[in-house]
Amino acid sequence: MHVGALTAAAFVAIPMWWAVGAAPVAAQPCPDVEVVFARGTGEPPGVGPTGQAFVDALRQRVGDRSLGVYPVNYPATDQWTTGVDGIRDAGAHVTSMAATCPDTKMVLGGYSQGAAVMGFTTSAAVPDGVDPATVPKPLAPDVAEHVAAVVLYAPPNVRAMNFLGEPPIVIGPEYEAKTLKVCAPEDAVCSDGLNFAVHNTYAYDGLITQGVDFAANHLGLPAPANASPGQWDRQPPTP
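With mature numbering (1 follows the signal peptide of the UniProt record, and there is no 0) applied, the sequence shown covers -22 to -1, 1 to 217.
In structure tokens, the structure reads:
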């Protein structure tokens, strides 16, 4: 979510499509590690700036291991009614990876709206007031064994979700111990503060490193030699 986008936060997605008559694509080998990341509101398709900074930094930590990336397929707009599709897409991919690539360790992540999408993906609980028939099939309990860590950057807090008329984010019990919520001080979306500007800084400050260190630790990766705080973080764009 960008500055001023608190009122536009939503959990949205677009259906996957397949090209008619496209040539068959050779199956890709299973990566050692895969990052499944959902971008924030208004960011272009892909993992978004925060997600890319996270992926780039984690790639530096995995060494000779292979690292795959899956951007959750959703437009990240303010269309609330289709938000459940983002959860459905993430859940379907994670389930598929657990079945087809059982040795791959997944790291689930998201920024802002995407953090909410990914948080709900881990939970089988149906929020109060939500029709169970509209909720995607939850992840099977054994899928959690294939997820090493969950890193949520700027997940909307209860105040933000109440303001938006949405239920609080819930993390599934199988994922709680391996979930990190990263929130910048005074961020109006995830903290008790009222600073909207800081909500856009996650890709460019030391908070990326916090999430990467957490994921790397849960992946059993060694600590980087001579690393300094924030050294993997991106620089802010030039005005």
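Yeah, the Cβ is synthetic: ideal placement off N, Cα and C, and Gly gets one too.
Query                                                                                                                                                                  : Result
Report yes if the CB atom of V85 is closer than 9 Å to the CB atom of V121, and no otherwise.                                                                          : no
Using the DSSP secondary-structure output, state which residues sit across from E12 in a beta bridge.                                                                  : G46 and M84
In the DSSP assignment, the beta strand (DSSP E) including V129 goes from what residue to what residue?                                                                : V125 to Y131
Report all residues from its chain with a CB closer than 8 Å to the CB of T78; omit the five preceding and five following residues, and keep chain order.              : C8
Does DSSP classify K115 as helix, strand or coil?                                                                                                                      : coil
Is V160 helix, strand or coil by DSSP?                                                                                                                                 : strand
Just tell me which of A127, I65, A31 and D165 has its CA closest to the CA of P116.                                                                                    : I65
I need the straight-line Cα distance from A4 to G46, nearest angstrom please.                                                                                          : Since pLDDT at A4 reaches only 48, below the 50 mark, its modelled position is unreliable, and the value read off the structure follows with that caveat. When rounded, the distance between both Cα atoms is 16 Å.
Nearest by alpha-carbon distance to A201: which of V40, A70 and G24 is it?                                                                                             : V40
Starting from the Cα of V33, find the closest Cα among L142, I186, P23 and G198 and give me that residue.                                                              : I186
Evaluate V160 with the Cβ neighbour count: other Cβ atoms within 10 Å of its Cβ, from every protein chain shown; 16 or more gives buried, anything less gives exposed. : buried
Please classify A68: is it buried, with 16 or more other beta-carbons within 10 angstroms of its beta-carbon, or exposed?                                              : buried
Below 8 Å, can you find three or more Cβ-Cβ pairs linking the stretch 10 to 28 to the stretch 86 to 98?                                                                : yes
Which of helix, strand or coil does DSSP assign to Y89?                                                                                                                : strand
With H, G and I counted as helix, E and B as strand and the rest as coil, what does DSSP make of N51?                                                                  : coil
Are there 16 or more other CB atoms within 10 angstroms of the CB of G29, so buried, or fewer, so exposed?                                                             : buried
Tell me which residue opens and which closes the alpha helix (DSSP H) that D67 is part of.                                                                             : V62 to T78
Beta-carbon within less than 7 Å of A93's beta-carbon, same chain only, minus the 5 sequence neighbours each way: which residues are those?                            : L130, Y131, A132 and P133
Suppose you measure from the CA of residue 222 to the CA of P119; what does that come to, to the nearest Å?                                                            : Only positions -22 to 217 of the chain appear in this structure, which leaves residue 222 out of reach.
Give me the Cα-Cα distance between A194 and A35, rounded to the nearest whole angstrom.                                                                                : 10 Å
Where Q57 and Q188 are concerned, what is the direct C-alpha to C-alpha distance, given to the nearest angstrom?                                                       : 31 Å
So P153 and T100 are in contact, right, with Cβ under 8 Å, and what is the actual spacing, rounded?                                                                    : Looking at the sequence provided, one finds Tyr at residue 153 rather than Pro. Sure, about 4 Å apart at Cβ, within 8 Å.
Where are the beta strand (DSSP E) runs, 3 residues long or more, that stay fully inside the stretch 139 to 195, in chain order?                                       : 157 to 160
My understanding is that residue 218 touches T19, with C-beta atoms under 8 Å, so please give their C-beta distance in whole angstroms.                                : No answer is possible for residue 218: the residues shown for the chain start at -22 and end at 217.
Where does G107 land, buried or exposed, given buried means 16+ other C-beta within 10 angstroms?                                                                      : exposed
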